[in-house]
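For the sequence shown, our numbering assigns the number -4 to the initial residue and increments by one for each residue that follows.
Yeah, the Cβ is synthetic: ideal placement off N, Cα and C, and Gly gets one too.
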Amino acid sequence: MKILVTGGLGFIGSHTVVELQNEGFEVVIIDDCSNADVKVLEGIQAITGKLPLFEKIDLRDKPMVAAFFARHQDVEGVIHFAASKAVGESVEKPLLYYENNIGSLVYILQELSKKEKARFIFSSSCTVYGQADEMPITEDAPVKAAESPYGNTKQMGEEIIADTCKVTPGLHAIALRYFNPMGAHPSTEIGELPIGVPQNLVPFITQTGMGVREQLAVFGNDYPTPDGTCIRDYIHVVDLARAHVVALQRLLNAKNEQNYEVFNVGTGKGSSVLEVIQSFERVSGEKLNYKIVDRRAGDIVSAYANTKKANEVLGWKAQSTLDEAMKSAWDWEKKVRNN
Ligand code: UD1
């Protein structure tokens, strides 16, 4: 069965392609290579023994999207990762984010709406909750006003899918609200490849550990948390990738009678920035050079998932501990730097 994975050369996309191929799905990847390298295909092949189909397409090009679906009429499901994801850049270039993240989504849904039956999985984010009032966060928690155009594209994306599903009974969709993905495939064949200075905590830590960055700045230690640093729910990217496969299987079995559902995808465990640093020091045996600096604008205090819905409805649960995820991130960093 053929599944389209947009953004399949990216961090979460590539790990999901591996899990799909391991489950016997035939995968076709669309990626515009704006933030990923075609060499990722070799990593996927090394792990799974199979080279996925690949087409370099910019999904803002509506006729190209239509032509793709005309060529691949046997695509039975789409997992849509392709999007721009830098929060700061989205504030600088809002129209780029709306065009890229919303345009591509609309064009794909238009093509899927023409099919008698279609399944669609959307990469959403815990960012839709903003600073939630209660922890852990359930899917019923209110969606708060977005802090950035990037966050807004996730909220709008969910609404666009929900509205489309209401009038398209043949379309079955799931939005997965990711918490904080980290780590790499244990084979070290694929992993995260941030371009330039990493904005996210874990790649900044591993690069600092390798001496690529001099020092990690910890953004604030005066938050109302046990050690004063912010709390997040860090999930191993392989666990996150597997959540896509089980969500797809649910859609293929047409078990979701509502035809649109959302799920949190996290571990359910919150870790502070200092706990993440301690995890790095445990698994690497290295001391991390860090200092406490002022808070970062826009950061929320705490966000971790209630995973009951995913556990019960999808039968999915994160397997890896923070240390396991950190070890995979560290092994990957060492491999990238030593090559
Ligand atoms: C960020 C995005 C979020 C996006 C997610 C994807 C912002 C405000 N939010 O979430 O919209 O969905 O990435 O992964 O950018 N930290 C440091 N020093 C650093 C980097 C981070 O102390 O150099 C701290 C942050 O203050 C935060 C934690 O580490 O407490 C995690 O930060 P980060 O990896 O950027 O993720 P989020 O801010 O949770």
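Here V12 is buried: its Cβ has 16 or more other Cβ atoms, across all protein chains shown, within 10 Å. A straight-line Cα-Cα distance of about 15 angstroms links K312 and Q244. The nearest non-hydrogen atom of the ligand UD1 is less than 7 angstroms from the C-beta of S120. Between V23 and P47, the C-beta spacing is below 8 angstroms. Inclusion of F76 and S118 in the CB contact set at 8 angstroms is warranted, their separation being smaller than that value. Cβ atoms of A168 and I156 come within 8 angstroms of each other, at about 5 angstroms. Assigned with DSSP and collapsed to three states, P144 falls in helix. Taking C-beta atoms under 8 angstroms as the contact rule, K88 and Y145 fail to qualify, at a distance of about 10 angstroms. In this structure, the alpha-carbon of K330 lies about 45 angstroms from that of Q253. Every alpha helix (DSSP H) stretch that sits fully inside the region 86 to 132 and reaches 4 residues is listed by chain position as 89 to 92, 99 to 108.
Excluding sequence positions up to five before and after G38, its CB lies within less than 6 angstroms of the CB of E184, I185, all in the same chain and listed in chain order. Residue environment for Q202: buried (at least 16 other C-beta atoms within 10 angstroms of its C-beta). Its chain contains E187, P189 as the residues whose beta carbon lies nearer than 6 angstroms to that of P198, once the 5 sequence neighbours on both sides are disregarded; these appear in chain order.
Beta bridge pairing from DSSP links T1 with I25, H75. Just so you know, the alpha carbons of A292 and L90 end up roughly 22 angstroms apart. In this structure, DSSP gives M59 a helical state, which the three-state scheme calls helix. The beta strand (DSSP E) runs lying completely inside the region 237 to 291 and spanning 3 residues or more are 255 to 260, 285 to 288, given in chain order. Secondary structure note for R332: its alpha helix (DSSP H) is the uninterrupted segment 317 to 333. Per the coordinates, the alpha-carbon of I97 lies some 33 angstroms from the alpha-carbon of I42.
Taking a C-beta distance under 8 angstroms as the contact criterion, W327 and A236 do not qualify as a contact pair. In the DSSP assignment, L166 falls within the beta strand (DSSP E) that extends over 166 to 173.
Here the alpha carbons of S266 and Y229 stand approximately 7 angstroms from one another. By the C-beta criterion, the region 255 to 273 is judged to be in contact with the region 298 to 309, since at least 3 inter-stretch pairs fall below 8 angstroms.
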